[in-house]
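In terms of my numbering, the sequence shown is residues 24 to 333. By construction, the Cβ of each residue, glycine as well, lies at the ideal position given by its N, Cα and C atoms.
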Amino acid sequence: FSSPGVLVLLWKSPGFSAASRINVALSGTAIQSSTYNGGLAERSIDGNNDPQWEHNSCSFTALQAKAWWRLELPGVYQVSEIEVTNMNMGRNRINNVEILIGDSLSNNGNDNPRCAIINDDPGCLTQTVKCWGMEGRFINFYRSSDEIQYLQLCEVKVYGAASRINVALSGTAIQSSTSSGGLAERSIDGNNDPQWEHNSCSCTTGQARAWWRLELPGVYRVSEIEVTNRNTLRSRLNNVEILIGDSLSNNGNDNPRCAIINDDPGCLTQTVKCWGMEGRFINLYRSSDAPESLQFCEVKVYGGRDPVHH
Numbered sequence: 024f025s026s027p028g029v030l031v032l033l034w035k036s037p038g039f040s041a042a043s044r045i046n047v048a049l050s051g052t053a054i055q056s057s058t059y060n061g062g063l064a065e066r067s068i069d070g071n072n073d074p075q076w077e078h079n080s081c082s083f084t085a086l087q088a089k090a091w092w093r094l095e096l097p098g099v100y101q102v103s104e105i106e107v108t109n110m111n112m113g114r115n116r117i118n119n120v121e122i123l124i125g126d127s128l129s130n131n132g133n134d135n136p137r138c139a140i141i142n143d144d145p146g147c148l149t150q151t152v153k154c155w156g157m158e159g160r161f162i163n164f165y166r167s168s169d170e171i172q173y174l175q176l177c178e179v180k181v182y183g184a185a186s187r188i189n190v191a192l193s194g195t196a197i198q199s200s201t202s203s204g205g206l207a208e209r210s211i212d213g214n215n216d217p218q219w220e221h222n223s224c225s226c227t228t229g230q231a232r233a234w235w236r237l238e239l240p241g242v243y244r245v246s247e248i249e250v251t252n253r254n255t256l257r258s259r260l261n262n263v264e265i266l267i268g269d270s271l272s273n274n275g276n277d278n279p280r281c282a283i284i285n286d287d288p289g290c291l292t293q294t295v296k297c298w299g300m301e302g303r304f305i306n307l308y309r310s311s312d313a314p315e316s317l318q319f320c321e322v323k324v325y326g327g328r329d330p331v332h333h
């Protein structure tokens with residue numbers, strides 16, 4: 024069975040279950056670089072493949088260079104394939120568009136790795152591209168050229184399996200003090216951007232025994248934690264303890280230690296294994312009396328709910 028103008032591809036990817044055929048785009052949110060004539064970004068994830076503009080189911084940017092459309096998924100996914108439905112008129116407006124997948128919001132997500140470049144296919148309005156398990160939370164459609172052109176899409180469907188879930192995104196963060204607007208919650212916004220001026224890093228004032236604390240929505244067995252440092256003044260992450268537990272004694276800084284981290288000159292993002300340590304609170308704590316700011320740009324936490332405390 025098929026509809027005129029729609030190519031139906033049946034394909035089974037090794038390693039992806041039937042559950043991965045769920046269109047996860049329906050659970051996401053969409054934005055775009057601009058909007059023309061009511062063509063809102065969210066129209067392209069409404070589940071409706073209708074290619075006719077007048078039926079109000081297609082997104083449309085203004086006439087511009089470097090137009091983009093971005094889908095944010097509810098977590099990190101291993102993307103097996105993406106289906107894209109073009110409009111049935113002005114079809115060249117999808118030409119030379121890159122499909123990008125990743126976790127970064129640098130350049131509005133347009134610096135993430137590329138899955139494919141698409142062009143209008145005269146034989147079918149709906150195209151399927153395989154991304155072979157590329158991982159990411161953000162999926163961008165981006166025309167990187169300086170050509171002044173609209174970007175239009177009538178539907179984007181995304182198939183894949185949930186990757187490790189970053190449970191920090193469901194938590195709340197506070198810290199011992201705040202400097203220059205570097206709020207604690209910036210470090211659990213899902214954005215690994217290491218540049219201070221992009222407003223995604225937390226920072227305390229210069230103080231002794233500075234700390235930052237994440238409260239998870241329950242007790243978790245923590246397998247590993249990723250910490251992304253700022254790309255300047257990197258020594259402010261030196262000699263920082265990562266603590267996990269259920270106690271708020273000493274602001275949570277008396278909980279058991281998972282690791283001590285220092286800036287790694289070769290890598291802004293470090294991963295530490297916590298081997299199933301249990302707790303609701305995760306602290307980053309510098310126990311010394313030397314006055315120093317504590318700063319970092321992202322904390323990601325991976326693990327599962329403790330069934331005893333669920």
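Determine the contact status of Gln175 and Met112, defining contact as a CB-CB distance below 7 Å.
no
Report, in whole angstroms, the separation of the C-beta atoms of Trp91 and Ser56, which I expect to be a contact under 8 Å.
5 Å
Give the DSSP bridge partners of Arg137, in chain order.
Leu123
Just checking, does the segment 81–97 make contact with the segment 162–181 on the three C-beta pairs under 8 Å criterion?
yes
Nearest-angstrom Cα distance between Asn60 and Gln172?
15 Å
DSSP three-state label for Glu170, please.
coil
Answer yes or no: do Ile117 and Val152 have a C-beta to C-beta separation smaller than 7 Å?
no
Could you check if Ala231 is buried or exposed, using at least 16 other CB atoms within 10 Å of its CB as the buried criterion?
exposed
Does Gly28 come out as helix, strand or coil in the three-state DSSP assignment?
Residue placement at Gly28 is poorly supported in this model, since its pLDDT is 44, which falls under 50; the coordinates are not used for a value here.
Among all the DSSP beta bridges, which residues are the ones paired with Tyr182?
Asn46 and Glu104
For Ser202, which option in Thr228, Asp212, Gly213 and Cys281 has the closest C-alpha, if you only look at C-alpha atoms?
Thr228
Which residue marks the beginning of the beta strand (DSSP E) containing Ser200, and which one marks its end?
Ser200 -> no beta strand (DSSP E), and no H or E assigned at all.
In whole angstroms, give me the CA-to-CA distance for Lys180 and Ser193.
25 Å
How should Trp235 be labelled, buried or exposed, when 16 other C-beta atoms within 10 angstroms of its C-beta is the threshold for buried?
buried
Would Cys154 and Val99 be called neighbours here (beta carbons separated by less than 7 Å)?
no
Environment of Gln318 [buried if 16+ CB atoms lie within 10 Å]:
buried
If you check the beta carbons only, do Cys147 and Cys81 fall under 7 Å apart?
no
Which residues does DSSP list as the beta-bridge partners of Ser82?
Leu176
Delimiting residues of the beta strand (DSSP E) encompassing Trp76
No beta strand (DSSP E) contains Trp76, which DSSP labels as neither H nor E.
Spatial neighbours of Gly299 within its chain, please: CB distance less than 8 Å, with the 5 preceding and 5 following residues excluded, ordered by chain position.
Arg244, Val245, Ser246 and Gly326
Reduced DSSP category for Ser36 - H, G, I as helix; E, B as strand; rest coil:
Its pLDDT being 36, under 50, Ser36 is placed unreliably in this model, and the coordinates cannot settle the point.
With a threshold of 16 other CB atoms inside 10 Å of the CB of Leu33, please say whether the residue is buried or exposed.
Note that Leu33 scores 33 on pLDDT, short of 50, meaning its location in the model is unreliable and no value can be drawn from it.
Around the C-beta of Gly16, are 16 or more other C-beta atoms found within 10 angstroms, so that it is buried, or is it exposed?
In the structure displayed, the chain extends from 24 to 333; residue 16 sits before or after that span and is not available.
Rounded Cβ spacing between Leu307 and Val263 (contact assumed at less than 8 Å)
5 Å
Integer Cβ distance of Val250 from Gln293, believed to fall under 8 Å:
5 Å
Among Leu123, Arg114 and Asn163, which residue has its Cα nearest to the Cα of Pro145?
Arg114
Pull up the CB-CB distance for Ile211 and Ala233, whole angstroms please, since I reckon it's below 8 Å.
Not quite, the Cβ-Cβ distance comes to about 17 Å (not below 8 Å), so this is no contact.
With 16 other Cβ atoms within 10 Å as the buried cut-off, status of Ser199
buried
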